[in-house]
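Residue numbers (the numbering used here), protein chains in the order written: chain X, -18 to 182; chain A, -18 to 182. Note that beta-carbon positions come from the ideal geometry of N, C-alpha and C, so glycine has one too. In what follows, a single structure is set out as C-alpha cells and then discussed.
Number of protein chains: 2
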Amino acid sequence: MPILPPALTAVIEALGKLPGVGPRTAERYAYYLVRTDTSKSQVLANALQDLHGGIGYCKKTFALVSADQELSDLYTDPKRDKTVVAVVAEPFDIVALEKTGSYTGTYHVLGGLVSPIDGIGPESLRITELIQRIDDDNVQEIILATNASVEGESTALFIQKQIGDRPVKVTRLARGLPIGVDLEYADQITLTRALEGRQAI
Amino acid sequence: MPILPPALTAVIEALGKLPGVGPRTAERYAYYLVRTDTSKSQVLANALQDLHGGIGYCKKTFALVSADQELSDLYTDPKRDKTVVAVVAEPFDIVALEKTGSYTGTYHVLGGLVSPIDGIGPESLRITELIQRIDDDNVQEIILATNASVEGESTALFIQKQIGDRPVKVTRLARGLPIGVDLEYADQITLTRALEGRQAI
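Structure, rendered in C-alpha cells:
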C-alpha cells in the first residue's frame, strides 16, 4: 500500500536522478513543489520540456547555442579575437571563463578529456576540428584550458603533439595558489607548481 | 550577449527556485540534464506536469491521496485502528512515521503549526475536524506527533485544551536521547527531557 500518491512518487523518483540528489533531498524538493502554487512546477516542467529541443552546438566552437543558431555569438562577435582559441573540455567551462570578463578570444569545446578508464580515446574528442581551425582562422595562440587533472594534462599533451610544428603559440592556464587560500593550507602539488611557475615582480 | 542558450537558462532559473538550490547547484543539475539523453528531462517534465493534478487530500485525515481518491488508504484499510489518531503538522510527516513500520493507527494532518510570527493562528489549522473525528470515530487515543519546537508544543497545548474533558487519552511522542548519539554530545534540553522521561527497566 503506497503512502504517497503515485503522482508525487513519480516526481520524487525523477528528481532523485539529478546528480548528488539522494532520496531525502528529492523528497524535500517534491514536498516544496506540492506546497507552493502549481505555477512553479509548471514553469519547471515547461522549461525541461523545451530543453533539448532548444539547444544545439556551434559548428565551429561546439559551444552550446540556441537550436536555430549555426554559430555561437562568442565566435561571430567581431569583438572576439578569432586568432586566440581557448580549448576546454565541456561547454560549461566556457561559462566559468566568461565570468572572469577578462578573455576576448574564442573557444573550442573538445567534448570531454582523454580517459582510458572511461573508454574515451583522443579520436572521440574534437581535436581534428581544432587543428582544422588553426589552419582556417590563422590561429596565433591555443590556450589549453583543461582541468589540472591527469586526464586534463594528458589531453593537453596529446593536442600539443597533434599541433606539431604549426606556427602557433601553445599555452596553458597557470597553476599556482588560488586567491584567498593560505599557503599553509595549500596541497603539496599546488605549492610545487606555484614554485615552478614563480614570476619576477 | 548571453553565453548560454535561453532554453538552458530557463531550466537553470526554474531549478534555482527549489529549496536550498543556489545558482551553482541549479547549473550543475541543468548541465547534467543537457549531457544525458533527452529522456531524463522528459520524464521529469511529465512528472511535474501531472503533479498538482494528480494529488488531492483525504477528506478525513487530510493526508495526500491520488486525485481520484476520497479517503486515504491509511484510513480505509481495515487493519488500521481508527480509534488511535496521530496528529501531525504536514502530510509528509506521515511518511516518516510510516517508515518506522511500528504504527497501526490513523493520522490527522493539521496543515501547519500555530505560529503567530507567520500569522498562522489555530483557526487556520484543521483542529475542528480533529475534534469532530474524536466524536465520529470513537477515538480512544490522540498522539500529538508535532515537532519538539515552540510551535509544535504550543499547537499540542491548544489541541489538548480543545479536546477538553472528552474521554480520550492524549499522549505525545517521547523526547529523549536519539539512538546512536553519545550522551556527551546531546544538548541540554534534550538531556533534561530524557531525565524527566526516564523509565524503569
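Listed by chain order, chain A residues near residue i by CB distance under 7 Å
i: X/H33; result: T19 and S22
i: X/I75; result: I(-16)
i: X/K(-2); result: K21
i: X/R107; result: The contacting residues do not exist; X/R107 stays about 15 Å from chain A at best.
i: X/Y12; result: F73
i: X/A(-5); result: V24, L25 and A28
Environment of residue i [buried if 16+ CB atoms lie within 10 Å]
i: X/Q30; result: buried
i: X/A48; result: exposed
i: A/I75; result: buried
i: X/Y10; result: buried
i: X/S130; result: exposed
i: A/I170; result: exposed
i: X/A155; result: exposed
i: X/S83; result: exposed
i: X/E177; result: exposed
i: X/V2; result: buried
i: X/S66; result: Note that residue 66 of chain X corresponds to Val in the displayed sequence, not to Ser. Buried: at least 16 other Cβ atoms inside 10 Å.
i: A/L17; result: According to the sequence displayed, residue 17 of chain A carries Thr and not Leu. Burial call: exposed.
i: X/A137; result: buried
i: A/I160; result: exposed
Chain X contact residues for residue i, given Cβ-Cβ distances below 8 Å
i: A/S47; result: P(-14), P(-13) and A(-12)
i: A/I36; result: P(-14), A(-12), L(-11) and V15
Residues that residue i contacts on chain A, provided the C-beta gap is smaller than 8 Å
i: X/P59; result: By Cβ distance, chain A contributes nothing, its closest Cβ being about 12 Å from X/P59, past 8 Å.
i: X/E79; result: I(-16)
i: X/R9; result: P0 and G1
Residues that DSSP places opposite residue i in a beta bridge
i: X/H89; result: X/V68
i: X/Y38; result: X/L45
i: A/D62; result: A/G86
i: A/V151; result: A/I123
i: X/S96; result: X/I101
Interface residues of chain X facing residue i [CB-CB closer than 9 Å]
i: A/A129; result: The premise fails here: A/A129 is roughly 20 Å from chain X at the closest Cβ pair, so nothing lies under 9 Å.
Cβ-Cβ separation, residue j to residue i (assumed contact under 8 Å), whole Å
i: X/T64; j: X/Q121; result: 4 Å
i: X/R153; j: X/I124; result: 7 Å
i: A/V90; j: A/I115; result: At roughly 16 Å, the Cβ-Cβ gap does not stay under 8 Å, so A/V90 and A/I115 are not in contact.
i: A/A70; j: A/N128; result: 7 Å
CB of residue i within 8 Å of CB of residue j, strictly
i: X/V151; j: X/Q143; result: no
i: A/L183; j: X/L45; result: Missing from the structure shown is residue 183 of chain A; chain A here goes from -18 to 182 and no further.
i: A/T85; j: A/D62; result: yes
i: A/V68; j: A/A7; result: no
i: X/L52; j: X/K41; result: yes
i: A/G157; j: A/L94; result: no
i: X/F139; j: X/P103; result: yes
i: X/L55; j: X/Y88; result: yes
i: X/A(-12); j: A/A26; result: no
i: X/L32; j: A/S22; result: yes
i: A/V24; j: X/A(-5); result: yes
Amino acids of chain X, ordered along the chain, whose beta-carbon sits closer than 7 Å to that of residue i
i: A/V(-8); result: A28, L29 and L32
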